[in-house]
Amino acid sequence: MDAKQIYQTLSEKFTGRIKQFQENTHPASVVVESDAIVDICSFLKRETELEFTSMISLSGVDLKDQGKMLVIYHLGSIRHKHKIALKVELDRNNPHVPTVEKVWPGANWYEREAYDLYGIVFDNHSDLRRILLPDDWEGWPMRKDYVYPKRYHTWDV
Amino acid sequence: MAVVDERFMDLNMGPQHPSTHGVLRLLIKTDGEVVSRVTPYIGYLHRALEKIAERLTYPQFTPFTDRLDYLASMNCNLAYALTVEKLLNIEIPRRAQILRVIMAELNRISSHLIAFGSLSSDMGAFTPFLFGIREREFINDLFEMVCGARLTYNYIRIGGVAQDIPDGFIDKTKEFLDYFPPKIKEYNDLLSYNAIFIKRLANIAVISPEDALDYGVTGPNLRASGIKWDLRREEPYLMYNELDFDIPVGRGEMGRVGDAWDRYMMRIYEMEQSAKIVRQCIDMFQQGDHIAKVPKVLKVPAGEVYVRAENPRGELGFYLISDGSTKPYRLKIRAPSFANLSIVPKLSGGVMIADLVAIIGSLDIILPEIDR
Amino acid sequence: MGVLEDRLPENILFTTVDKFLNWSKKSSLWYMLFATACCGIELMQTGASRYDLDRFGAVFRATPRQSDLMIVAGTITHKMADRVKKLYAQMPSPKYVIAMGSCANTGGPFYKDSYAVLKGVDRIIPVDVYVPGCPPKPEALIEGIMKLQERIMEKKTLVKK
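Those protein sequences? They're chains A, B and C, same order as listed. Residue 2 is where the first sequence starts when you use the numbering used here, and the numbers rise one by one after that. Residue 11 is where the second sequence starts when you use the numbering used here, and the numbers rise one by one after that. Residue 377 is where the third sequence starts when you use the numbering used here, and the numbers rise one by one after that.
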């Protein structure tokens with residue numbers, strides 16, 4: 002299936018919860034409501050016509066000027082050889098989105114990474130801790146307004 | 011107060027440990043020799059590459075991709091260059107494409123040689139490691155000829171390659187191609203079909219195809235589980251669609267499909283195929299430019315792309331958001347080892363401690379791209 | 377066995393105690409197998425087939441408890457820094473440190489733009505020899521080890537000047 006058909010299938014199934022279709026990105030992306038993400042993902046994985054077997058990647062993006070955060074799920078299917086990106090838009094002051102860990106267990110670490118670097122909270126995540134930075138690190142370093150620290154433990158940064 | 015579970019002993023492996031292939035830390039809950047649960051702790055090499063990318067211009071970031079997966083610098087350079095070129099929409103000269111494939115495949119061989127060598131030394135056989143390094147030095151010499159560096163090449167640039175190959179490079183490469191295939195037989199005689207080695211790896215840590223996909227495992231590890239998926243074939247980039255090569259998949263020769271021995275053997279088979287690709291490329295050589303015309307101040311058109319390429323360890327992807335300026339707005343690096351390592355807790359319930367070393371070794375992870 | 381075996385009568389060698397101590401220290405620099413990043417691969421290759429670091433009496437040990445020399449091969453991040461201090465403390469004296477590569481020297485390419493990288497391992501442990509390069513070639517590392525051997529020979533333990 003090409004991206005347009007995937008979008009149409011999704012918008013028929015999830016009326017009102019699919020916000021937008023962006024064709025000019027590569028792969029094409031579908032913007033969806035954040036609280037529908039788990040339903041949409043499990044539908045995408047289960048449906049034989051779609052069968053998105055694995056989550057390729059999950060990225061956080063900080064859109065500071067628009068006061069938003071994005072989470073982008075790149076999904077791929079080994080059988081049908083198609084790809085799509087799902088996007089959810091979050092409030093920058095309180096970014097949280099349900100976890101898709103139950104759908105693809107591999108999402109666990111990607112979500113921890115987005116939490117670590119952007120402070121995006123994944124609701125119902127089984128183990129939401131910092132993954133790359135030390136536990137006592139302060140701030141969310143990949144945010145655009147992050148100020149580099151001066152000192153860490155006993156030495157200058 | 012934390013409650014101590016008296017049934018288990020906590021054992022720390024790493025971050026300084028010879029078998030963790032870098033600064034990985036594994037917290038192991040053991041019941042005697044049997045592992046009950048493994049929790050990997052990563053990030054000891056988190057160098058903030060994604061943040062650095064947002065603060066530097068597009069060409070300035072290329073040297074950092076060398077340090078992303080330093081065993082396969084060429085492949086990382088290549089994936090990054092492909093990503094930026096996708097947005098720039100430029101045509102790469104034919105000669106540059108051939109050179110890129112040669113470098114990528116040679117680097118794949120040298121990377122797999124380390125995988126082969128380090129797994130063997132993890133299993134207690136040090137000699138194969140020395141054999142692997144011996145051949146790797148040959149490839150290092152070849153790379154030193156083209157770009158002056160032994161490890162971090164910065165050779166594949168946006169638009170092509172940094173400079174044309176020097177005189178004598180083709181002859182030396184041909185010499186390598188004659189020299190190398192007999193060595194693979196040597197590896198097989200010495201290690202691959204060694205009874206002790208097979209006992210250590212066969213039927214250990216079987217990854218089922220479903221698990222592999224669920225966890226996003228890619229590369230030789232995925233193919234060892236019996237799934238024929240290679241981006242060079244599925245989404246051909248450069249001129250891979252013109253080349254003739256096989257994609258080896260795990261067949262469970264010594265045990266079950268997707269066990270540690272299958273994963274190890276994928277690397278051996280792939281080295282043969284890479285040598286075959288390089289030989290074809292040399293025959294296809296033609297004169298021409300080594301780099302396309304790229305402006306000095308590179309402004310990349312606004313857009314979003316996710317581009318992926320087949321690295322020795324799996325799928326390396328770059329998700330790039332450009333706002334039309336000289337610097338990336340966001341560059342997310344999707345590293346193969348990150349996903350490949352995340353399956354370790356699932357694999358290692360109930361194995362022996364010594365087998366844990368085999369699991370880590372057979373997955374062939376590398377820390378800089380996990381931590382970035 | 378050796379070329380001199382059974383050829384010389386019993387002999388007495390005259391030297392100073394310091395020289396003898398230093399000579400024995402410099403001839404068995406056992407280094408810790410401690411590789412954090414890219415330089416670790418060059419360290420590995422220095423120890424392997426072509427460059428064969430064993431010639432200098434330097435063999436790797438997997439534990440700090442048996443090591444005299446720590447070759448800091450690669451980037452040290454803030455998360456790792458505490459561990460490096462601990463590893464250094466675990467080594468028995470006399471102990472030496474070689475900072476291999478730009479990252480261990482100064483933070484290297486990550487100096488300006490990274491929030492996570494320690495800008496030089498000398499901020500947390502004392503360093504004897506700095507080997508520049510990103511990564512240094514094996515020849516450069518061997519030069520660094522020979523420089524360290526020279527330094528060891530200059531050490532005065534018994535005679536105070």
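We put the CB at the ideal spot given by N, CA and C, even for glycine.
In DSSP terms, what residue i is bridged to
i	result
residue 22 (chain B)	B:37
residue 23 (chain A)	A:30
residue 319 (chain B)	B:326
residue 86 (chain A)	A:30, A:75
residue 209 (chain B)	Residue 209 (chain B) is not bridged to any residue.
residue 332 (chain B)	B:313, B:338
residue 27 (chain B)	B:32
residue 170 (chain B)	B:167, B:301
residue 91 (chain A)	A:70
residue 156 (chain B)	Paired residues: none, contrary to the question.
residue 156 (chain A)	A:153
residue 97 (chain A)	A:122
residue 408 (chain C)	C:437
residue 362 (chain B)	B:44
residue 493 (chain C)	C:453
Where residue i falls, given that 16 or more other Cβ within 10 Å makes a residue buried
i	result
residue 117 (chain A)	buried
residue 218 (chain B)	exposed
residue 34 (chain B)	buried
residue 465 (chain C)	exposed
residue 54 (chain A)	buried
residue 455 (chain C)	buried
residue 358 (chain B)	buried
Proximity to residue i [Cα-Cα], best of the options
i	options	result
residue 51 (chain B)	B:25, B:97, B:372, B:368	B:25
residue 23 (chain A)	B:346, B:313, B:196	B:313
residue 9 (chain B)	B:138, B:183, B:230	Residue 9 (chain B) is absent from the structure shown; chain B starts at 11 and stops at 382.
residue 22 (chain B)	B:42, B:48, B:15, B:132	B:48
residue 146 (chain B)	B:81, B:332, B:85	B:81
residue 72 (chain A)	A:112, A:2, A:125	A:112
residue 336 (chain B)	B:126, B:90, B:305, B:319	B:305
residue 120 (chain A)	A:105, A:107, A:98, A:102	A:98
residue 329 (chain B)	B:345, B:320, B:321	B:345
residue 65 (chain A)	A:52, A:94, A:57, A:107	A:94
residue 42 (chain A)	B:224, B:60, B:133	B:224
residue 493 (chain C)	C:478, C:504, C:506	C:478
residue 5 (chain A)	A:58, A:40, A:83	A:83
residue 517 (chain C)	C:398, C:412, C:382, C:505	C:505
residue 469 (chain C)	C:395, C:452, C:440	C:440
residue 435 (chain C)	C:512, C:408, C:481, C:501	C:408
residue 94 (chain B)	B:70, B:108, B:109, B:115	B:70
residue 323 (chain B)	B:240, B:248, B:288, B:253	B:240
residue 303 (chain B)	B:18, B:99, B:274, B:15	B:99
residue 81 (chain A)	A:50, A:75, A:124	A:50
residue 63 (chain A)	B:148, B:191, B:331	B:331
residue 125 (chain B)	B:113, B:114, B:112, B:140	B:140
residue 210 (chain B)	B:379, B:366, B:222	B:366
residue 77 (chain B)	B:107, B:116, B:161	B:161
residue 222 (chain B)	B:350, B:61, B:19, B:42	B:350
residue 462 (chain C)	C:501, C:485, C:491	C:501
Start-to-end residues for the alpha helix (DSSP H) that takes in residue i
i	result
residue 49 (chain B)	Element bounds for residue 49 (chain B): not the alpha helix (DSSP H) but the beta strand (DSSP E), 44-51.
residue 151 (chain A)	Here residue 151 (chain A) belongs to no alpha helix (DSSP H), and DSSP marks it neither H nor E.
residue 122 (chain B)	104-132
residue 403 (chain C)	Run containing residue 403 (chain C): none; DSSP gives neither H nor E here.
residue 513 (chain C)	No alpha helix (DSSP H) contains residue 513 (chain C), which DSSP labels as neither H nor E.
residue 195 (chain B)	179-197
residue 84 (chain B)	83-98
residue 71 (chain B)	68-76
residue 219 (chain B)	219-224
residue 12 (chain A)	4-14
Delimiting residues of the beta strand (DSSP E) encompassing residue i
i	result
residue 123 (chain A)	122-124
residue 58 (chain A)	55-64
residue 445 (chain C)	445-449
residue 339 (chain B)	338-344
residue 505 (chain C)	505-507
residue 104 (chain A)	First-last for residue 104 (chain A): undefined, no H or E at that position.
What are the start and end residues of each continuous alpha helix (DSSP H) run of 4 or more residues lying completely inside the stretch 411-490 of chain C, in chain order? 414-423, 454-466, 477-482
Unbroken alpha helix (DSSP H) runs of length 4 or more, entirely within the stretch 238-325 of chain B: which are they? 241-244, 270-294
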